[in-house]
Amino acid sequence: MRPKQRTKRSKTGVSTAVLYTPDVLALAIELARHPLTDDLPLRGEARSRSCGSTIALGLAFDDAGAIARVGLRSHACAIGQASAAIFARNAPGASVKDILATRAAVVAWLAGEGALPQWPGFAAISAARDYPARHGAVLLPWNAAVEATSHI
23 MRPKQRTKRS KTGVSTAVLY TPDVLALAIE LARHPLTDDL PLRGEARSRS CGSTIALGLA
83 FDDAGAIARV GLRSHACAIG QASAAIFARN APGASVKDIL ATRAAVVAWL AGEGALPQWP
143 GFAAISAARD YPARHGAVLL PWNAAVEATS HI
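Using this note's numbering, the letters of the sequence shown map in sequence onto residues 23 to 174.
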């Protein structure tokens, strides 16, 4: 008989095994591929009120109005970092309209009023929906991108 696998619970009672899966942790590491550099002209920042996580984001657009490059600096939990990596991996080619529509879909999904957003990779952080204290972390890159694009 195999011993029962124990999962750690945080001070809030959240099972770390449910939220911090190998896929989430791999995404958090992937964020290093998208450094925030000085040559990204549009900047935005966001902070989660629930956990204090922060993100700074830089964007560059091409002549057609699509995102060409993304850079990020994150001081966030693994969920916030994974969300940022999912954003950075798939934002190139997206328009401001795409970003705004996807952010609205994420907000609706987190509120239980919509389906999983149609943004590649989002399923990896789907468990965060059940943990309202992580909703702000999920929204970090989207909120920072909205701020950055408000300067256009």
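C-beta: ideal position from N, C-alpha, C; glycine also. This one's a predicted model, so the numbers in the text were calculated from it and none came from an experiment.
Segments assigned alpha helix (DSSP H), at least 4 residues, entirely inside the region 41 to 109
Complete alpha helix (DSSP H) runs here, min 4: 44 to 52.
The region 62 to 70 touching the region 105 to 125, judged by at least three CB pairs closer than 8 angstroms
Because the criterion of three Cβ pairs below 8 angstroms is not met, the region 62 to 70 and the region 105 to 125 do not touch.
Can you give me the start and stop residues for the alpha helix (DSSP H) that His1 sits inside?
The structure shown does not extend to residue 1, since the chain is modelled only from 23 through 174, so no value can be given for it.
Which value, in whole angstroms, describes the spacing of the CA atoms of Leu161 and Leu53?
Taking the straight line from one Cα to the other gives about 16 angstroms.
Boundaries of the alpha helix (DSSP H) in which Ala150 is found, first to last residue:
Looking at the DSSP string, Ala150 is not in any alpha helix (DSSP H), and its letter there is neither H nor E.
Counting beta carbon pairs with one atom in the region 38 to 50 and one in the region 143 to 152, are three or more of them shorter than 8 angstroms?
Touching, per the Cβ criterion.
Is the region 97 to 108 touching the region 130 to 138, taking contact as three or more C-beta pairs under 8 angstroms?
At 8 angstroms Cβ cutoff, the stretches do not touch.
Just the C-alpha distance for Asp120 and Leu49, rounded to the nearest angstrom, thanks.
Distance between the alpha carbons of Asp120 and Leu49: 22 angstroms.
Going by alpha carbons, who is nearest to Ala159 out of Thr171, Cys73 and Val129?
Ranking the options by Cα distance to Ala159, first place goes to Cys73.
Report the option in Ser75, Gln103 and Gly80 whose CA atom is closest to the CA atom of Ile174.
The option with the nearest alpha carbon to Ile174 is Gly80.
Start-to-end residues for the alpha helix (DSSP H) that takes in Trp131
Start and end: Val118 to Leu132.
Restricting to Cα atoms, I'd like to know which of Arg151, Ser117, Gly93 and Val40 is closest to Ala86.
The shortest C-alpha to C-alpha distance from Ala86 to any of Arg151, Ser117, Gly93 and Val40 is the one to Ser117.
Tell me whether the beta-carbon of Leu58 lies closer than 8 angstroms to the beta-carbon of Ala82.
No, the Cβ-Cβ distance between Leu58 and Ala82 is not below 8 angstroms.
What separation, rounded to the nearest whole angstrom, lies between the Cα atoms of Ala170 and Val40?
Roughly 32 angstroms between the two C-alpha positions.
Can you give the Cα-Cα distance for Trp164 and Ala88, rounded to whole angstroms?
About 16 angstroms.
So for Trp141, helix, strand or coil by DSSP?
Three-state result, Trp141: coil.
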